[in-house]
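S.K.: Just so we're aligned: 192 in numbering that gives the first Met the number 0 is position 193 of the sequence shown, and the numbers increase by one with no gaps anywhere.
Positions of the beta carbon are idealized from the N, C-alpha and C atoms, including for glycine.
All of these numbers come straight from a predicted model, not from anything done at the bench.
Sharing a structure, written as structure tokens. Questions coming.
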Amino acid sequence: MSLDKMSRRITFPHAGDYHLAIGHLFRKLGYEVIIAPKTSQRALDLGEKFAPEQACLPFKLTLGNLIEAIEEGANVVAMVGGRTGMCRLAFYSELYKKILTENGFEVEFVPLKLKKEFWLAVKNHLPELKPATFLLALIEMLLKMRGLEAIRSGYLDHHPREASPGACHRLVQQMKVELQEVEGFWEILGFPKKVRREFKKIPLRENPDLITVGYLGEFFMTIDQFGTHRIEEYLGALGVRVVPADGFSDFFIGSFKLLKVFDRFLPTHKHQVHKLAKPFLNLVIGGHAVESIGQSIWFAKNGIDGVIHVYPFGCMPEIVATSILPTVSEAHEIPILSLCFDEQTGEAGIRTRVEAFVDMIRRKKAGY
Ligand code: SF4
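Here you go:
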């Protein structure tokens, strides 16, 4: 049966918990949404099996997600990124198409981006769709992304100081369920405020050893906890407050051309970050290399005690950033730890390095 006669069951790769927002968009538009099973070793194994060996870890993980979702009945794939950009992300959608088609997975592709081609692809599937409904669904998705980012920030801020172990984790689970269920523009708009209110109710203890670490690097690795062995959670358990760099909503909104013009000329955060990076890297080389450098300096200038930089093995932009960050660290007197991940990276090794880094910052702060 052709796809025209079947219902369209759409899926997309995981990136942290952002399926809660992206799923909302497609449900609002009128698709049946298939959420891939949570990223697991099986997804990674599938990705490794079908992806080229040298593909970056995010590609393998997300390819595994797509195959698992297709096994569960998805027949349309929504893809973020593609065709533009300077790193391998530009080839992701073409490569997904090639691999999936060659291996007998029959799917259609929809480009998920703030561009006309997204509207045209969706309109082609859903001819009755009104532009206003489309726009509202997109805005609600972005607002739900902000809601997720409020949950993450609340967790990272409160977890190292929670008086009753597990309280933050329980609240995160509750908030995620509520975020999934919340409907209506005004309710979704007010959700981040509600999250902040709920986190304020969590009893905190004094933590004299509390330190604050900025967390940045390759975008996918910073938001998806599977590939980094849940490093954020571990840092919280060590009594470290984590301040993340950009979330998915910034990445998504940042792809909107008009806003790029604003960023170039107005004192937005992105503009400041790029300006700070200039003395060290005066060239956009793809991925988030410039942001990793500029944001590290921003952290240094804003009282953050150290920076953890994460990236996948073989990621060209972040390898360049990794070679520059020691100079940034020296020039701005901020400790920076770069951690590289691939499918062989062991959790114990990462935890040992993180623990040693945290100890070093504490000693430095205590004046040793
Ligand atoms: S930024 Fe790095 S890991 Fe991410 S898609 Fe580009 S090359 Fe791959």
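Sorry if obvious, but does the Cβ on residue 332 come closer than 6 Å to a heavy atom of the ligand SF4?
M.R.: Because no heavy atom of the ligand SF4 lies under 6 Å away, the Cβ of residue 332 does not count as near it: no.
S.K.: Residues in the same chain with beta-carbon distance under 7 Å from residue 181, minus the five sequence neighbours each way, listed in chain order, please.
M.R.: Once the five neighbours on either side are set aside, the close Cβ partners of residue 181 are 187 and 190.
S.K.: Go ahead and pull the three-state DSSP assignment for residue 201.
M.R.: Of the three classes helix, strand and coil, the one that applies to residue 201 here is coil, per DSSP.
S.K.: Ignore the nearest five residues each way along the sequence and tell me which others in residue 326's own chain have a CB closer than 8 Å to its CB.
M.R.: Excluding residues within five positions, the ones whose Cβ falls inside 8 Å are 279.
S.K.: Compare the C-beta of residue 152 with all C-beta atoms of chain C and state if any pair is closer than 7 Å.
M.R.: Going by chain labels, chain C is absent from the structure shown, which holds only one protein chain.
S.K.: Going along the chain, which residues of its own chain have a beta-carbon closer than 8 Å to the beta-carbon of residue 1, five neighbours each way excluded?
M.R.: Any reading at residue 1 is ruled out, since the residue's pLDDT is 47, under 50, leaving its predicted position unreliable.
S.K.: Just the Cα atoms here: how many angstroms apart are residue 165 and residue 247?
M.R.: Computed Cα separation, rounded: 26 Å.
S.K.: How about residue 217: is its Cβ closer than 6 Å to a heavy atom in the ligand SF4?
M.R.: Yes, the Cβ of residue 217 comes within 6 Å of a heavy atom of the ligand SF4.
S.K.: Compare the beta carbon distance of residue 341 and residue 56 with 7 Å and say whether it is the shorter of the two.
M.R.: Taking 7 Å as the Cβ cut-off, residue 341 and residue 56 qualify as a contacting pair.
S.K.: In whole angstroms, what is the alpha-carbon distance linking residue 249 and residue 268?
M.R.: Going from the Cα of residue 249 to the Cα of residue 268 covers about 11 Å.
S.K.: Within the continuous alpha helix (DSSP H) that includes residue 375, where are the two ends?
M.R.: Residue 375 is absent from the structure shown; the chain starts at 0 and stops at 367.
S.K.: Confirm, please, whether the CB-CB distance from residue 234 to residue 242 is below 7 Å.
M.R.: It is not a contact, given that the beta carbons lie outside the stated cut-off.
S.K.: For residue 360 and residue 353, I'd like the C-alpha separation in whole angstroms.
M.R.: When rounded, the distance between both Cα atoms is 11 Å.
S.K.: Residue 268 lies in the alpha helix (DSSP H); which residues open and close that run?
M.R.: From DSSP, the alpha helix (DSSP H) with residue 268 extends over 268-276.
S.K.: On the premise that residue 27 lies in contact with residue 120, defined as a C-beta separation below 8 Å, what is that separation, rounded to the nearest angstrom?
M.R.: In fact, because the Cβ distance is near 16 Å, the residues do not count as touching under 8 Å.
S.K.: If I follow the unbroken alpha helix (DSSP H) through residue 42, where does it start and stop?
M.R.: Its alpha helix (DSSP H) spans residues 40-49.
S.K.: Does residue 334 come out as helix, strand or coil in the three-state DSSP assignment?
M.R.: Three-state result, residue 334: coil.
S.K.: Please report the Cβ distance between residue 33 and residue 72, rounded to the nearest whole angstrom; I am assuming they are in contact, meaning their Cβ atoms lie under 8 Å.
M.R.: So it is a contact: roughly 6 Å between Cβ atoms.
S.K.: Have a look at residue 363 and residue 281 and give me their C-alpha separation to the nearest angstrom.
M.R.: Each residue's Cα considered, the two are about 31 Å apart.
S.K.: Considering just the uninterrupted stretch of the beta strand (DSSP E) at residue 308, what are its terminal residues?
M.R.: It spans 305-311 - the beta strand (DSSP E) in which residue 308 sits, taken as one unbroken run.
S.K.: Please report the Cβ distance between residue 309 and residue 298, rounded to the nearest whole angstrom; I am assuming they are in contact, meaning their Cβ atoms lie under 8 Å.
M.R.: Not really, about 14 Å apart at Cβ, beyond 8 Å.
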